[in-house]
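**Q** My questions will all concern the structure given below.
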Amino acid sequence: MTRADGYAWTSDGQKILCRIAIWLPWDASGNGQMEVEIFQVKWEMLEPRSITNFSAHEDLPSFSFQAFDPLIRRAQYCHSLRHTGGVRLTISRIRNWLLTTHLEAPLTMNAFEATLSNFNYGLPWDPARHDWKGNRFVSVEESPKLSLLDANGDISSVWELQKHWHWNLQNSSHVSATASPVLKLLNASAGMDAEELAQNARNICTLLSLAARHRVHIYRTVHQHGQVSEENWLVPLRRPRATTEENACGPLIQSNELSSFIEAASKTWSALTDDQKDAVRLAIFAIHPPTEQTMEARFMNLFSSLEGLGKRWIGPKKKREIFRDWYERFRDQYPIEMGPILWPVSDAETTDLYWFRNEFAHGRTVMHLPPGVLPLAIDHLQLLIEFTLLRLLGYQRTNRSDWLTAEQVKNSAKNVQLIDSVCHLSGKTPKDLS
């Protein structure tokens, strides 16, 4: 726990004396805590929504602290021995903490690393082996190196995906350890500042989420330059976490292709417009949502993200153009190998995925569908979006034997029967999709 006198800054530029206490988690994936007591202000005179950030007292020589964009749930009267009257703030969310420490000796080069949410994809791992004498043998594998390219194909930064261990001595006889994946900067173009490096780390996390089929978040970044070390904790009070298990569907890109995927996708990514990048992010976030969803909501988010991709690459529908004609233009301009995707997005002769989109938009629920139909539609829609994203990012997989694709191929006959089972709902006739 760290306590310091500081200021609460309001939106009109005023600063109010306060006492700040923060509890950093012992590993980066945990939730922190923060308490603030504002002095010499009556609680009924304080407007909590006007507070924009907190900062530690300016006379601390080697340490400073800032907290940005607080979400204050409650302000109540408090009394302390140091001050008569005051307000204790209950804070439920902070955008980020920024802890700045001044080092004794200057660094010869800039250092930057980002601690990520927990996942195992792409990380070197080999189980320990034991012999009959009790000896333990551990082999060390090389960590994957990820190069980000600019639009011209030149390397802008090189990162290494590492696993860092954190040891905690809970008592004299019990030691526990946790491991965190870390992106460590190895090399970067001259002139890149901390924000550009952080953006590069966020881009890698976006591409990692697609490749691993698992949402990857940045929890903390550490930037050391000169005699200054800046530690940035993102959403420290309530950490965002993945809502799906990492191995539920297996990775989309095999781990031995990760480096080549990051290189090819980052080159295309650098040439995209801001709107196209947002559409890619939203599509990946729709596949791996940050919160639990109903099946109907998940389907609608996936379908909306597919429409967003088409809109950003070929433009919105023309005047009097129906969705099926617009989607055919998008599909013809950016063709993908359908493979196991048997359920068409748009087909006037059968019950297509667009029919589900319209039904859910007008109140139909999964309870009115045959069992297993909507999960199958979601799987096919997810594969379609993933293959479309790979096509738009300019990458072709070398190994296409991912688990979700293999399952659809193995159960293709059963899938056709499920697709035919909903034809009577839309008044369409079953169609040979095999």
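Residue numbers for the sequence shown follow our numbering, so the first one is 8 and each next one is one higher. Using N, Cα and C, we set each Cβ at its ideal position, and we do this for glycine too. Small disclaimer: the values here were computed from a predicted structure and weren't measured.
(1) Could you check whether E42 and R102 sit closer than 9 Å to each other, using their CB atoms as the reference points?
(2) Would you give the residue range spanned by the beta strand (DSSP E) that M302 belongs to?
(3) Whole angstroms is fine: what's the gap from C445's alpha carbon to A205's?
(4) By how many angstroms is the C-alpha of A158 removed from the C-alpha of F46?
(5) Considering only residues of the same chain and omitting the five flanking positions on each side of A4, which have a CB-CB separation below 7 Å?
(6) Roughly how many whole angstroms lie between the Cα atoms of S441 and V352?
(7) Would you identify the three-state DSSP class for V94, choosing helix, strand or coil?
(8) Under DSSP, the beta strand (DSSP E) around Q231 begins and ends at which residues?
(9) Is the shortest distance between the beta-carbon of K170 and the beta-carbons of chain C less than 9 Å?
(10) Please list the terminal residues of the continuous alpha helix (DSSP H) segment that includes L289.
(11) Sorted by chain position, which residues of the same chain lie with C-beta nearer than 6 Å to Q415's C-beta, five sequence neighbours on each side aside?
(12) Count the C-beta pairs between the region 262-281 and the region 297-314 that are closer than 8 Å, then say yes if the count reaches three, no if not.
(13) Less than 6 Å between C-beta atoms, sequence neighbours within five positions excluded: which residues of the same chain meet that for H230?
(14) Comparing C-alpha positions only, which one of K326, C430, A293 sits nearest to A355?
(15) Run the CB neighbour count on Y243, radius 10 Å, all protein chains shown included, and call it buried at 16 or more, exposed below.
(16) Which residues bound the beta strand (DSSP E) around D386?
(17) In or out: R227 buried (at least 16 other Cβ within 10 Å) or exposed?
(18) So I27 is in the beta strand (DSSP E); what residue range does that whole segment cover?
(19) Would you kindly report the start and end of the unbroken beta strand (DSSP E) that includes D200?
(20) Count the CB pairs spanning the region 313-323 and the region 333-343 that are closer than 8 Å, and state whether there are at least three.
(21) For the candidate residues V380, L399, Y402, whose alpha-carbon lies nearest to that of D427?
(22) Just curious, the beta strand (DSSP E) that R331 is in, first and last residue?
(23) Whose CA, out of D12, L123, W174, lies closest to the CA of A249?
(24) Let's test the definition: count the other Cβ atoms within 10 Å of the Cβ of D386 and tell me whether it reaches 16, buried, or not, exposed.
(25) To which residues of the same chain is L259 closer than 7 Å at the C-beta, ignoring the five residues directly before and after it?
(26) Go ahead and pull the three-state DSSP assignment for S441.
(27) Kindly indicate the opening and closing residues of the beta strand (DSSP E) around S124.
(28) Return yes when the Cβ of L193 is within less than 9 Å of the Cβ of K152, no when it is not.
(29) Using only alpha-carbon positions, find the residue among T372, I211, F126 that is nearest to L155.
(30) For K274, which residues in the same chain have their Cβ closer than 8 Å to its Cβ, ignoring the five residues on either side in sequence?
(31) Using the three-state DSSP reduction, which class does S150 fall into: helix, strand or coil?
**A** Inspection of the coordinates gives the following:
(1) no
(2) That residue, M302, is in no beta strand (DSSP E); its alpha helix (DSSP H) goes 302-321.
(3) For residue 445 there is no data in the structure shown, the boundaries of the chain being 8 and 441.
(4) 53 Å
(5) Any question about residue 4 goes unanswered here, given that the chain covers just 8 to 441.
(6) Reliability of the predicted coordinates at S441 is poor, the pLDDT of 48 falling under 50, and no value is obtained from them.
(7) strand
(8) 225-232
(9) No chain C is part of this structure, which consists of one protein chain only.
(10) 281-294
(11) P347
(12) no
(13) F119, A201, E237
(14) C430
(15) A quick correction: the sequence has Pro, not Tyr, at residue 243. Counting Cβ neighbours within 10 Å, P243 comes out buried, since at least 16 surround it.
(16) Per DSSP, D386 belongs to no beta strand (DSSP E); it is in the alpha helix (DSSP H), 380-399.
(17) buried
(18) 22-30
(19) Per DSSP, D200 belongs to no beta strand (DSSP E) and is neither H nor E.
(20) yes
(21) V380
(22) Not the beta strand (DSSP E): R331 falls in the alpha helix (DSSP H), residues 330-340.
(23) L123
(24) buried
(25) L217, A218, R220, E393, D409
(26) With a pLDDT of 48 at S441, under the threshold of 50, the modelled position of this residue cannot be trusted, and the question is left open.
(27) Element bounds for S124: n/a, residue is neither H nor E.
(28) yes
(29) I211
(30) L156, D157, A158, G160, G401
(31) coil
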